[in-house]
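Quick note, the sequences are listed as chains A and B, same order.
Going by the working numbering, the first sequence opens with residue 89, and the numbers climb by one from there.
Going by the working numbering, the second sequence opens with residue 47, and the numbers climb by one from there.
No residue lacks a Cβ here, since even glycine has one placed at the ideal position from N, Cα and C.
None of the values given here were measured: they were computed from a predicted structure.
Before any comments, here is the structure.
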Amino acid sequence: MNTANSIVILIPAKNEEDSIAQVLGDLKARFPYPIVVINDASTDNTVAIAQQAGARVLTLSISLGAWGAIQTGLRYALREGFEIAITMDADGQHEADSLPALLAPIMTRKADVTIGAFTQRGSFARHVAWSLFRKLSGLNLEDLTSGLRAYTSPAIRLLASPAATLLDYQDMGVLMLLQRAQLRIQEVPISMRPRLLGKSRIFSSWWAVSNYMLYTAILCLAHGTHYFRKHKCPIKSPQPF
Amino acid sequence: MSYQITSAILGISLALIILLLIRRDRLHSRHAIWWLFVAVFVMILGIFPKIIDYIALKLGVNYPPTLLFSLGMAMILLKVLSIDLHQSQLERKTRRLAQRLALLEGDKQQHDD
Chain A
89 MNTANSIVIL
99 IPAKNEEDSI
109 AQVLGDLKAR
119 FPYPIVVIND
129 ASTDNTVAIA
139 QQAGARVLTL
149 SISLGAWGAI
159 QTGLRYALRE
169 GFEIAITMDA
179 DGQHEADSLP
189 ALLAPIMTRK
199 ADVTIGAFTQ
209 RGSFARHVAW
219 SLFRKLSGLN
229 LEDLTSGLRA
239 YTSPAIRLLA
249 SPAATLLDYQ
259 DMGVLMLLQR
269 AQLRIQEVPI
279 SMRPRLLGKS
289 RIFSSWWAVS
299 NYMLYTAILC
309 LAHGTHYFRK
319 HKCPIKSPQP
329 F
Chain B
47 MSYQITSAIL
57 GISLALIILL
67 LIRRDRLHSR
77 HAIWWLFVAV
87 FVMILGIFPK
97 IIDYIALKLG
107 VNYPPTLLFS
117 LGMAMILLKV
127 LSIDLHQSQL
137 ERKTRRLAQR
147 LALLEGDKQQ
157 HDD
């Protein structure tokens with residue numbers, strides 16, 4: 089695997105002008121990989137800052153949410169023939185130092201997807217919710233919501249397809265799709281910084297939390313493998329464009 | 047006799063409104079077919095409301111209006127469900143279009159630089 093040319097870093101960003109420069113600076117200082125910032129219809133200076141920092145910027149004309157932005161990046165990765173796509177948050181939560189650990193199981197071909205897992209975070213209530221969703225979905229993973237992930241070609245192909253387009257977050261829906269396609273998902277323990285600025289969009293209010301919980305429960309019903317193990321979803325040949 | 051006139055007027059005017067909308071090209075043809083069917087149905091039932099009584103009797107429904115209401119409700123539910131299905135399809139298409147546009151605009155910018 090020719091690493092330098094076959095890896096791309098995808099960073100979805102919506103109004104992240106305060107943190108994106110540092111995130112990109114840290115990455116550029118350590119890795120030669122191309123960086124693509126997917127601008128999810130930002131209204132601030134994110135685009136100019138990202139371009140100045142040397143990232144390729146893809147701008148969505150309408151906001152598609154975090155997953156819609158990441159999928160745009162994955163479609164780009166697929167089209168450009170990258171073999172590995174790393175996704176990272178733009179808010180500075182994820183450290184550039186975590187990437188080697190994230191890539192290790194992929195380089196040794198032990199996993200098709202790796203997730204940077206940081207399970208110490210989150211309140212008691214959040215852990216209760218997660219263990220419930222783990223039961224519902226049949227996923228055997230600790231950190232279901234981490235945005236620091238690395239995907240290999242088969243995963244990129246699957247997630248760039250229309251089957252993944254109606255998802256809203258890069259969390260359980262994506263993981264369940266991957267699991268149904270029988271791709272090997274491995275978690276890698278990492279440390280995370282507190283967000284530089286701003287806070288979680290999902291856990292911003294009780295209303296948002298209940299919305300998210302209901303959404304995820306429905307996703308589990310639709311895509312979970314726990315109760316419907318017989319249904320398998322083979323990776324179809326892509327028709328991305 | 048008077049209730050039949052009332053229902054005929056209601057049925058025919060609803061049908062006329064639908065036909066007018068179709069004529070004016072306000073409804074996409076796939077929706078127009080459904081509404082054309084509704085217009086004909088409403089008109090026939092409006093002019094001959096006794097049809098419901100007859101069918102209800104045949105189906106063993108004691109109170110004919112309940113048959114009308116439950117059938118109407120069922121049709122509305124089906125229609126709303128089909129709207130949501132269509133809506134989800136459109137959402138998927140819109141998202142993919144926006145993504146593709148972002149990729150193409152990115153190419154153009156790369157080209158211009």
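Span of the beta strand (DSSP E), counted from its first residue to its last, around residue i
| i | result |
| --- | --- |
| Arg144(A) | Arg144 to Leu148 |
| Ala237(A) | Reading the sequence as shown, one finds Arg at residue 237(A) and not Ala. Arg237 to Thr240 is the extent of the beta strand (DSSP E) around Arg237(A). |
| Thr202(A) | Val201 to Ala205 |
Beta-carbon gap between residue i and residue j smaller than 8 Å
| i | j | result |
| --- | --- | --- |
| Ser279(A) | Phe206(A) | yes |
| Ala101(A) | Asp128(A) | yes |
| Gly261(A) | Leu229(A) | no |
| Thr160(A) | Gln145(B) | yes |
| Ala148(B) | Thr233(A) | no |
| Leu266(A) | Ala296(A) | no |
| Tyr121(A) | Val96(A) | yes |
| Leu112(A) | Ala143(A) | yes |
Beta-ladder partner(s) of residue i, from DSSP
| i | result |
| --- | --- |
| Met260(A) | Beta-bridge pairing links Met260(A) to no other residue. |
| Pro188(A) | DSSP output for Pro188(A) lists no bridge partner at all. |
| Val88(B) | DSSP, once it has assigned bridges, lists no residue as partnering Val88(B). |
| Gln274(A) | Thr202(A) |
| Ile95(A) | Ile172(A) |
| His182(A) | Met280(A) |
Cβ neighbours of residue i in the same chain (closer than 7 Å, five flanking residues each side left out)
| i | result |
| --- | --- |
| Ile194(A) | Ile172, Thr202, Ala238 and Thr240 |
| Ser186(A) | Gly204, Leu236 and Ile278 |
| Glu104(A) | Thr134, Ala178 and Asp179 |
| Thr253(A) | Gln159 |
Other residues of its chain near residue i: CB distance less than 8 Å, five sequence neighbours each side excluded
| i | result |
| --- | --- |
| Ile97(B) | Ile90 and Leu91 |
| Gly153(A) | Asp128, Asp256 and Tyr257 |
Boundaries (first-last residue) of the alpha helix (DSSP H) holding residue i
| i | result |
| --- | --- |
| Thr207(B) | No statement about residue 207(B) is possible, as the shown extent of chain B runs from 47 to 159 and does not include it. |
| Val216(A) | Phe212 to Ser225 |
| Ala252(A) | Element bounds for Ala252(A): n/a, residue is neither H nor E. |
| Met119(B) | Pro110 to Asp158 |
| Leu105(B) | Lys96 to Leu105 |
Neighbourhood of residue i by C-beta distance below 6 Å, restricted to the same chain and skipping five residues each side
| i | result |
| --- | --- |
| Leu60(B) | Val88 |
| Trp155(A) | Leu255, Asp256, Tyr257 and Gln258 |
| Ala184(A) | Asp114, Leu115 and Arg118 |
Quiz item: Quick one: complete beta strand (DSSP E) runs, 3+ long, within the segment 100-174 of chain A?
Solution: Fully enclosed beta strand (DSSP E) runs of 3 or longer: 123-128 and 144-148.
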